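Using the numbering used here, read the sequence shown as starting at 90 and increasing by one per residue.
For glycine and all other residues, C-beta sits at the position ideal for the given N, C-alpha and C.
All values reported here derive from a predicted model rather than from experimental measurement.
Worksheet for the structure shown next.
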Amino acid sequence: MNEVNIVREGWLHKRGEYIKTWRPRYFILKSDGSFIGYKEKPDLNDQTSPPLNNFSVAECQLMKTERPRPNTFVIRCLQWTTVIERTFHVDSNEEREEWMRAIQSVANSLKMREQEEEEPMDMFGSPSESSLEEMEVAMSKSCSKVTMSDFEYLKLLGKGTFGKVILVKEKSTGVHYAMKILRKEVIIAKDEVAHTVTESRVLQNTRHPFLTTLKYAFQTHDRLCFVMEYANGGELFFHLSRERVFTEDRARFYGAEIVSALEYLHSRDVVYRDLKLENLMLDKDGHIKITDFGLCKEGITPDATMKTFCGTPEYLAPEVLEDNDYGRAVDWWGLGVVMYEMMCGRLPFYNQDHERLFELILMEEIRFPRNLSPEAKSLLAGLLKKDPKQRCTLVFSSPFINPVCSQWNSQFTHLLSFLRQLTPLFRPQVTSETDTRYFDEEFTAQTITLTPPDKCKYPLMQLAVSALSHAHHCDPLLSMIKFCFLGSLVLSCPTDNSLDCEDPGQQAHFPQFSYSASIRE
């Protein structure tokens, strides 16, 4: 086992990815490729000081530039399956050259070590026998013995970057489902493998009345298919767009069900990270169904933190924007935003320019309409605290939500059972399971077409292929997807290593696809 040493350390000015300010950070480059930044120079004997930044320079690319400041350099590297860019500047050209030489040296060393340890592959790039065994295990765990021919395809419910959602009927049972069909080559080209795997895993491992459930997962040679519970009451976004504002009683009811679902996810160490009106569906009775689990983060205990900048711009919590680690409190901020929208008819912070929007989220004080009750204002103010440590998390005990639970008694052992028995204040007026009046006619009026496999329209970047090659050691499901994806595509990797072209991987992951793909004006 190789000993990990410090290769270089010192002060750098790092530019914020979204708030474009320069921040001094003390960076330590290690021989294992880790490139770690601290607000203050750490005491190496004190292992409790958490870093603000933690990157890897493995397979990185370097570029030097004199803009926006002299002696600037850019690192393009891989985080999990996403290509990111980070910008730094130093005081002199000599210092810049020394940092770049050190980083390139570590990257070259790691590449040589990787080539020595690489698993045997056949001439077509198929995994070795051990990987094939892992794939079979994952297939048996995650895929059911159904095919696309087992369903009737009735109506298009939504369409997005990665595929489409179709209302289907299972031929053998007559049961209606929403089938999410994702194109494998697009998932790879958009660096979305890890998020797709997470969504599959969370759907399989969670059971809660206010979360969408997964019935089947299967694949063709070019597509992944998730057959999910069909919630035909439409998105809350659809209903709020029509009604402009909900009554406090109605918002209270939805809020209680959302809290129940979030607390369930947190109890299983899952953070949702993408709470927004478009991801909140209603079932035929008017109860909440949370959908789209691609941005969930698993394994997050109460004290654990995350680093990834992800989510939907208008719903991002301040701690996500501040380039710091963050925890479960991001979900309570998201709840605050959606409940503010329900009761106030608008977002708490909004600007079409994302940089200005982020400044508002970080700096602007929350404002409330005059007609809002003191209890509602108190809850929203608590949920939208900019400091996550001060943010309200015990939502059920708040004076605003508590009236929902006032009739809870010993008849219902669990609060969840009680909530499920409540009569929603709004019941969707659907006449049948094929009634799609609460979905956008832009989609439901379209003729359903299942596009035949393309002849490799999306060449894959070498970095993405490398990430998948590493990933199958970590997760059997990733192994399965890697094998099936790469086996169904002809790989074409660019040889140009320049940084001149704009790369989508350097941007934040903003979700591009939801259950019914509504678009905000």
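Going by the DSSP bridge assignment, what does residue i pair with across the sheet?
i: Phe124; result: Leu118, Phe144
i: Arg104; result: Trp111
i: Ile164; result: Leu151, Arg175
i: Ala306; result: Phe315
i: Val257; result: Tyr242, Tyr266
i: His386; result: According to the sequence provided, residue 386 is Lys. The question's His does not apply to it. Beta-bridge pairing links Lys386 to Val360.
i: Met370; result: Glu324, Lys378
i: Gly247; result: Val254
i: Glu98; result: Ile117
i: Leu292; result: None; Leu292 has no bridge partner.
i: Arg272; result: Arg312
i: Leu300; result: Ile379
i: Tyr404; result: For Tyr404, which the question treats as bridged, DSSP gives no partner whatsoever.
i: Tyr343; result: For Tyr343, which the question treats as bridged, DSSP gives no partner whatsoever.
i: Tyr353; result: Beta-bridge pairing links Tyr353 to no other residue.
i: Tyr527; result: Answer by DSSP bridge pairing: none, since Tyr527 is not bridged.
Can the beta-carbon of residue i be found closer than 7 Å to that of residue j?
i: Cys613; j: Tyr361; result: Residue 613 is absent from the model: the chain starts at 90 and stops at 610.
i: Gly322; j: Leu369; result: no
i: Val348; j: Val484; result: yes
i: Ala191; j: Glu337; result: no
i: Glu367; j: Glu324; result: yes
i: Val146; j: Asn160; result: no
i: Gly423; j: Leu364; result: yes
i: Lys103; j: Arg112; result: yes
i: Ile455; j: Gly344; result: no
i: Thr176; j: Val195; result: no
i: Pro477; j: Ala418; result: yes
i: Asp420; j: Gly388; result: no
i: Leu472; j: Gly434; result: no
i: Glu174; j: Arg185; result: no
i: Glu698; j: His265; result: In this structure the chain extends from 90 to 610, so residue 698 is not present and cannot be described.
i: Lys475; j: Pro407; result: yes
i: Phe116; j: Leu101; result: yes
i: Thr525; j: Thr533; result: yes
Skipping 5 residues on each side, what residues in its chain have a beta carbon closer than 8 Å to that of residue i?
i: Leu141; result: Arg114, Gly126, Tyr127, Lys128, Asp412, Asn413, Asp414
i: Leu514; result: Thr336, Asp338, Arg339, Phe342, Gly375
i: Ser181; result: Asn160
i: Thr154; result: Thr161, Phe162, Val163
Once the 5 residues before and after residue i are set aside, which same chain residues still bring their CB inside 6 Å of it?
i: Thr285; result: Ile276
i: Glu444; result: none
i: Lys378; result: Thr301, Ala320, Met370, Asp372
i: Pro298; result: Arg509
i: Tyr429; result: Pro437, Leu469
i: Thr287; result: Cys385
i: Val93; result: Lys119, Ser120, Asp121
i: Gly416; result: Thr394
i: Asn143; result: Ile125
i: Gln535; result: Leu245
i: Ser668; result: A question about residue 668 goes unanswered here, because the residues of the chain that appear run from 90 up to 610.
i: Gly99; result: none
i: Arg480; result: Ala418, Trp421, Lys474
i: Leu351; result: Asp420
i: Asn91; result: none
i: Asp585; result: Its pLDDT being 31, under 50, Asp585 is placed unreliably by the model, and nothing is read from it.
i: Val235; result: Tyr305, Phe307
For residue i, collect the residues of the same chain with a Cβ closer than 7 Å to its Cβ; drop the 5 residues on either side in sequence, then sort them by chain order.
i: Leu410; result: Tyr107, Ile108, Phe447, Ile450, Leu451
i: Leu199; result: Gly122, Ala147
i: Arg516; result: Asp374, Gly375
i: Gln193; result: Leu151
i: Thr390; result: Asp358
i: Glu346; result: Phe299, His376, Ile377, Leu508
i: Arg158; result: His178
Could you tell me whether the Cβ of residue i comes closer than 7 Å to any Cβ of chain D?
i: Pro402; result: In the structure shown, chain D cannot be found, because there is only a single protein chain.
Quiz item: Any chance the region 257 to 264 sits against the region 529 to 540, with 3 or more Cβ pairs inside 8 Å?
Solution: No, the region 257 to 264 is not in contact with the region 529 to 540.
Quiz item: Hey, which unbroken runs of the beta strand (DSSP E) at 3 residues or more fall wholly within the region 425 to 488?
Solution: Complete beta strand (DSSP E) runs here, min 3: none at all.
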